[in-house]
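**Student:** Position 16 (the sequence shown) corresponds to 16 in my numbering; numbering is contiguous.
All C-beta atoms, glycine included, are put in the ideal place defined by N, C-alpha and C.
Can you keep this structure in mind? I'll have questions shortly.
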Amino acid sequence: MKPKILLTNDDGITSTGLWAAYDALAPIADVTVVAPATQQSAVGRSISIFEPIRANQVTMNGVTAYSVGGKPTDAVIIGLFALHLNPDLVVSGVNIGENLSFESIMTSGTVGAALEASNQGVPSLAFSLQVEDQGDKFDDPSRIIDRYSDAKRVIREICEKVFANGFPGKAHVINVNIPARVRGGYEITRLAEKLFYTGVEERLDPRGRPYYWIDGPLYEDAEEGTDVHAVQRGNVSITPITLDCTAYAAADELKGIFDGMHI
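The structure is reproduced here in structure tokens:
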């Protein structure tokens with residue numbers, strides 16, 4: 001029997017990236033799509049706990065799928081606990097836009113969905129595709145369909161490797177970033193510190209009152225061995241991520257700071 005995959009994303013169920021991933025995985029696995037009904041980028045691991053969640057069965061591209069009125073994390077939870085899919089693997093993506101560095105994975109809905117799956121005991125991978133023009137994240141995604149051939153090959157090869165060799169025991173998520181143009185090979189990386197130079201642009205509305213856009217250019221490069229550096233060189237970045245955010249290296253310093261304190 002084929003292994004079972006729950007496929008989700010944060011760009012919404014109509015995303016061309018989601019269905020590119022489906023095309024890549026359907027020949028090697030029994031794939032069920034459970035994805036947000038609408039665009040949910042940058043929501044991280046948000047969960048809908050103050051409103052009901054609807055999951056509607058729909059047909060897209062000739063495939064039965066589930067459209068979830070919530071966040072990517074909601075879609076994973078619905079797939080696991082309402083639809084009882086019992087997948088061998090959760091795949092999130094392929095996201096239109098890279099998810100690199102500490103900064104990006106902390107807010108990424110793509111990575112957030114994968115983290116939630118791993119938190120519930122299911123191995124997971126997050127796939128993201130670099131865009132050369134940041135406007136591609138917000139414009140008609142059909143404009144980048146020609147770039148999915150490399151992405152499909154990468155997704156299939158990595159998932160086949162995981163099925164054949166098992167998921168690394170000390171990782172919770174494998175975060176994969178695919179260059180817009182793959183010029184190299186696969187590289188095991190660590191997270192860079194930042195992806196963007198954060199800025200805020202102030203504008204005035206027609207009544208003269210200020211409003212703000214959070215913006216800023218991308219870092220052009222980072223240290224060798226990081227995910228940002230690998231993708232800039234045209235390599236596919238494969239980064240193991242853990243749910244454990246404990247800063248173990250700071251424990252001794254904290255003990256020194258709080259030594260002798262009593263309540």
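If you scan the stretch 79 to 138 from start to end, which runs of the beta strand (DSSP E) of 3 or more residues do you find wholly inside it?
**Tutor:** 89 to 96 and 124 to 129
**Student:** Taking the C-alpha atoms as reference points, what is the distance between Lys170 and Thr242?
**Tutor:** Within the model, the alpha-carbon separation for Lys170 versus Thr242 is close to 8 Å.
**Student:** Can you give the Cα-Cα distance for Ile28 and Met106, rounded to whole angstroms?
**Tutor:** Cα to Cα, Ile28 sits roughly 31 Å from Met106.
**Student:** Pairs of beta-carbons, one from the stretch 61 to 71 and one from the stretch 45 to 52, closer than 8 Å: are there three or more?
**Tutor:** yes
**Student:** Using a Cβ-Cβ cutoff of less than 6 Å, which residues in the same chain neighbour Ile263 once the five nearest sequence positions on both sides are dropped?
**Tutor:** none
**Student:** Taking the alpha carbon of Ala151 as the point to measure from, which residue in Ala55, Ile5, Ile47 and Ser237 has its own alpha carbon closest?
**Tutor:** Ser237
**Student:** Val33 by DSSP, collapsed to three states: which one?
**Tutor:** strand
**Student:** Can the beta-carbon of Gly116 be found less than 8 Å from the beta-carbon of Ile78?
**Tutor:** This sequence places Glu at residue 116; Gly is not what is there. No.
**Student:** What residue from Glu202, Tyr148, Ala24 and Leu254 has the CA that sits closest to Gly97's CA?
**Tutor:** Tyr148
**Student:** To test your reading of the DSSP string, which unbroken beta strand (DSSP E) runs of 3 or more residues are found completely within the stretch 152 to 192?
**Tutor:** 173 to 178 and 186 to 188
**Student:** Would His229 and Glu220 be called neighbours here (beta carbons separated by less than 8 Å)?
**Tutor:** no
**Student:** Per DSSP, Asn56 is paired with what?
**Tutor:** Ser67
**Student:** May I ask which residues mark the beginning and end of the beta strand (DSSP E) holding Glu202?
**Tutor:** Gly199 to Leu204
**Student:** Measuring alpha carbon to alpha carbon, tell me which residue in Phe196, Pro87 and Val231 is nearest Arg190.
**Tutor:** Val231
**Student:** For the beta strand (DSSP E) holding Pro72, just list the boundary residues, first then last.
**Tutor:** Careful: Pro72 lies outside any beta strand (DSSP E), inside the alpha helix (DSSP H) at Pro72 to Ile77.
**Student:** According to DSSP, simplified to helix, strand and coil, what is Tyr236?
**Tutor:** The identity of residue 236 in the sequence shown is Val, whereas the question assumes Tyr. Residue state, collapsed to three classes: strand.
**Student:** Quick check: what's the CA-CA separation for Glu103 versus Glu193?
**Tutor:** Those two C-alpha atoms are separated by around 7 Å.
**Student:** Give me the Cα-Cα distance between Ala114 and Ile13, rounded to the nearest whole angstrom.
**Tutor:** 16 Å
**Student:** Quick check: what's the CA-CA separation for Val154 versus Ala247?
**Tutor:** 32 Å
**Student:** Assuming Ala35 and Leu18 form a contact by the criterion Cβ under 8 Å, report the distance between their Cβ atoms to the nearest whole angstrom.
**Tutor:** 6 Å
**Student:** Within 10 Å of its beta-carbon, does Pro87 have 16 or more other beta-carbons around it, so buried, or fewer, so exposed?
**Tutor:** buried
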